[in-house]
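Going by the working numbering, the first residue of the sequence shown is number 233, and it counts up by one from there. Quick reminder that beta carbons are idealized off the backbone N, C-alpha and C, glycines included. Since the structure is predicted, the reported quantities are computational estimates derived from the model, not experimental observations. I have placed the structure first, in the form of structure tokens, so that the comments after it can refer back to it.
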Amino acid sequence: MPSATTTGSIAVILATWEYLSAGEPSAARTDMLRGADPSINWSLETMRPITAGDLMNPEILTVTEEMSVEEAAAFLTEHEITGAPVKNSDGELVGVISVVDIAAESFSGSSTVAELMTPDIQSVPEEATVSEVASLMLEDHLHRVLVVRDQKPVGIVSTSDLLGLLVDED
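Listed below in structure tokens is the structure:
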């Protein structure tokens, strides 16, 4: 039989869940509940959705549009990644290139990244949930998406990052 403390904790967790289930937990609501019971702190953290900002890799590896396709392929291979954002000479992100683009290059005869890159860069705000990121990647057949704060890139989420959530990393 559960102890009175365990029963009380379960009741508090259930009450907390009912209280928060009306919408996303707001900072005010979760702050008010913290400290009421030690188990609530853990429960509140597990109820908050994982965001792109939580999952992203803050190191954005990029190639330049002036690079040759061969240099870009070597860069991707060296860093064991399947694609990267492309920067222009001013350091602005102007596109994305992937190993799929490079594999298709032999048919097009392109010689620079600028000629081969996809100019459309998909991004999500830091606050986007993992579900929103995964939906975008699935719908648009993307293998990576930039994470932005105030329209500036702060990280990148890849399919590997999403798959990492499924692996128990104890």
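Rounded to whole angstroms, how far is the Cβ of L325 from the Cβ of Q354, which I believe are closer than 8 Å? As a first step, residue 325 is located in the sequence shown; it is residue number 93 there, counting from the start. As a first step, residue 354 is located in the sequence shown; it is residue number 122 there, counting from the start. Your pair L325 and Q354 does not check out as a contact, with CB atoms roughly 11 Å apart and the cut at 8 Å.
If we define contact as Cβ-Cβ less than 8 Å, is L287 a contact residue for chain C? The chain labelled as chain C is not found in the depicted structure, where only one protein chain is given.
Taking the alpha-carbon positions, what's the R261 to P385 distance? Indexing the sequence shown from 1 puts residue 261 at position 29. Indexing the sequence shown from 1 puts residue 385 at position 153. Confidence at R261 is low in this model, with a pLDDT of 48, below 50, so its placement is unreliable and the value that follows should be read with caution. About 30 Å.
Could you have a look at E392 and say whether DSSP puts it in helix, strand or coil? Start at 1 with the first residue of the sequence shown, and residue 392 comes out as number 160. Checking the sequence, you will find Ser at residue 392 rather than Glu. It is helical.
Helix, strand or coil for S300, going by three-state DSSP, please let me know. Along the sequence shown, read from residue 1 onward, the residue named residue 300 stands at position 68. S300 falls in the strand class under three-state DSSP.
Going straight from the alpha carbon of N320 to that of L398, what length do you get? As a working note, residue 320 is residue 88 in the sequence shown. As a working note, residue 398 is residue 166 in the sequence shown. Cα atoms of N320 and L398: separation of roughly 36 Å, rounded to the nearest angstrom.
For D352, which residues from the same chain have a beta carbon less than 7 Å from its beta carbon, with the 5 sequence-adjacent residues on both sides left out? Looking up residue 352 in the sequence shown gives position 120. Excluding residues within five positions, none has a Cβ falling inside 7 Å.
Pull up the DSSP beta-bridge partners for T344, would you. Working through the sequence shown from its first residue, we reach residue 344 at position 112. S300.
Which same chain residues, not among the five before or five after T283, have their C-beta less than 8 Å away from its C-beta? Numbered from its first residue, the sequence shown carries residue 283 at position 51. Excluding five sequence positions before and after T283, the CB atoms of its chain that fall closer than 8 Å to its own CB belong to E358, E359, A360, T361, V362, given in chain order.
Measure the CB-CB distance between V295 and V318 and report whether it falls below 8 Å. Residue 295 sits at position 63 when you count from the first residue of the sequence shown. Residue 318 sits at position 86 when you count from the first residue of the sequence shown. Yes; because the gap between Cβ atoms is below 8 Å, this pair is in contact.
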